[in-house]
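**Q**
In our numbering, the protein residues as written are 48 to 269.
#1: How many angstroms separate the CA atom of residue 65 from the CA atom of residue 127?
#2: What did DSSP end up calling residue 228 once you bin it into helix, strand or coil?
#3: Are there 16 or more other CB atoms within 10 angstroms of the CB of residue 227, so buried, or fewer, so exposed?
#4: What does the Cβ neighbour count give for residue 133, buried or exposed, with the cut at 16 atoms within 10 Å?
#5: Taking residue 84 and residue 92 to be in contact with their CB atoms under 8 Å, please state how far apart those CB atoms are, rounded to whole angstroms.
#6: Taking the Cβ atom as the reference point for each residue, do residue 96 and residue 131 lie within a distance shorter than 9 Å?
#7: By Cβ distance below 7 Å, which residues in the same chain neighbour residue 74 in space, the five residues on each side in sequence not counted?
#8: Are residue 168 and residue 144 closer than 9 Å when you measure CB to CB?
#9: In the stretch 146-221, which residue ranges form an unbroken beta strand (DSSP E) of at least 3 residues, counting only runs that do not cross its ends?
#10: Please report the Cβ distance between residue 200 and residue 229, rounded to the nearest whole angstrom; I am assuming they are in contact, meaning their Cβ atoms lie under 8 Å.
#11: Give every residue of the same chain whose Cβ lies closer than 6 Å to the Cβ of residue 69, excluding the five residues on either side of it in the sequence, and list them in chain order.
#12: Would you be able to state if there are at least three C-beta pairs under 8 Å between the stretch 189-196 and the stretch 147-158?
#13: Quick test of your reading: residue 116 and residue 59, contact by CB under 8 Å. State the CB separation rounded to the nearest angstrom.
#14: Beta carbon of residue 202, beta carbon of residue 213: below 9 Å?
#15: Which term fits residue 241, buried or exposed, when burial requires 16 or more other beta carbons within 10 angstroms of its beta carbon?
#16: What is the residue span of the alpha helix (DSSP H) that residue 129 lies within?
#17: So, using beta-carbon positions, are residue 225 and residue 204 closer together than 9 Å?
#18: Look up residue 71 in the DSSP assignment and say whether it is helix, strand or coil.
#19: Measuring CA to CA, which of 163, 171, 174 and 125 is closest to residue 157?
#20: Using only CA atoms, which one of 211, 249 and 243 lies nearest to residue 72?
Shown next, in the form of structure tokens:
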């Protein structure tokens with residue numbers, strides 16, 4: 048099997064349209080979570096480094112579900128990036144622009160989408176050769192209106208808005224030409240994982256993908 052390049056991985060993320068942002072409290076929930084994502088038709092997840100179980104959860108999903116495009120989120124240091132990639136993460140997401148984390152990922156040919164909130168941070172990312180960036184926290188910064196304005200001068204940049212994206216506003220974000228995909232935690236809520244309600248996670252995945260398909264059928268999506 049041909050190994051995906053960084054460009055291939057970024058293309059796949061865009062094709063999915065939605066990237067579940069997952070906070071997982073117990074690594075034993077990793078396997079049923081991976082199965083729920085596959086049954087919903089979305090082989091992709093960003094496991095955040097907000098819990099002690101994150102590294103092992105990434106390892107279990109990576110080993111058990113090789114078709115899932117798996118990333119690590121809330122990566123705040125090079126050490127965390129190293130642990131995530133060693134566990135099987137194929138992409139790294141950070142809440143802000145950290146030059147050390149970005150440089151490490153670039154040196155090791157690892158996809159990285161750092162968070163940006165201002166034109167200055169977008170310029171910093173462009174200086175590193177990055178053109179697909181996380182827009183965070185999307186809704187708190189003004190949502191679609193702000194993203195539309197901030198992206199206007201940057202025709203070659205695509206964004207992954209995350210933070211406050213939900214079922215109600217997903218389509219509005221996806222209709223922006225500057226949006227590559229959307230990150231969202233509502234699809235895989237921590238409370239659903241803790242309760243073992245993986246069938247509801249599958250249902251939410253299908254529901255979100257239905258919106259992605261609808262927007263793209265309209266011809267207005269990315």
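For glycine and all other residues, C-beta sits at the position ideal for the given N, C-alpha and C.
**A** So, from the listed chains and residues:
#1: Approximately 24 Å, taken between the alpha carbons.
#2: Coil at residue 228, not helix or strand.
#3: Counting the other CB atoms within 10 Å of its CB gives residue 227 a total of 16 or more, which places it among the buried residues.
#4: The residue in question, residue 133, is exposed, as its Cβ has fewer than 16 Cβ neighbours within 10 Å.
#5: Contact between residue 84 and residue 92 is confirmed by a C-beta separation of about 6 Å, below the 8 Å threshold.
#6: A contact, by the Cβ cut-off of 9 Å.
#7: Result list for residue 74: 100, 103, 104 and 107, in chain order.
#8: In this structure, residue 144 lies closer than 9 Å to residue 168 by Cβ.
#9: Considered as a whole, the stretch 146-221 harbours 158-163, 179-182 and 205-208 as its complete beta strand (DSSP E) runs of no fewer than 3 residues, in chain order.
#10: Contact between residue 200 and residue 229 does not hold, since their C-beta atoms are separated by about 22 Å, which reaches or exceeds 8 Å.
#11: Here the set comprises 92, 94 and 235.
#12: With the cut-off at 8 Å, the stretch 147-158 and the stretch 189-196 do not touch.
#13: Taking 8 Å as the upper bound for CB-CB distance, residue 116 and residue 59 are in contact here, some 6 Å apart.
#14: No, these two residues do not count as a Cβ contact at 9 Å.
#15: Its Cβ having fewer than 16 others within 10 Å, residue 241 is exposed.
#16: Looking at the DSSP string, the run of the alpha helix (DSSP H) that includes residue 129 is 125-134.
#17: Taking a C-beta distance under 9 Å as the contact criterion, residue 225 and residue 204 qualify as a contact pair.
#18: Three-state DSSP puts residue 71 in coil, outside helix and strand.
#19: Its Cα nearest to that of residue 157, the residue 125 stands out among 163, 171, 174 and 125.
#20: Looking at the Cα atoms, 243 is the closest of the given residues.
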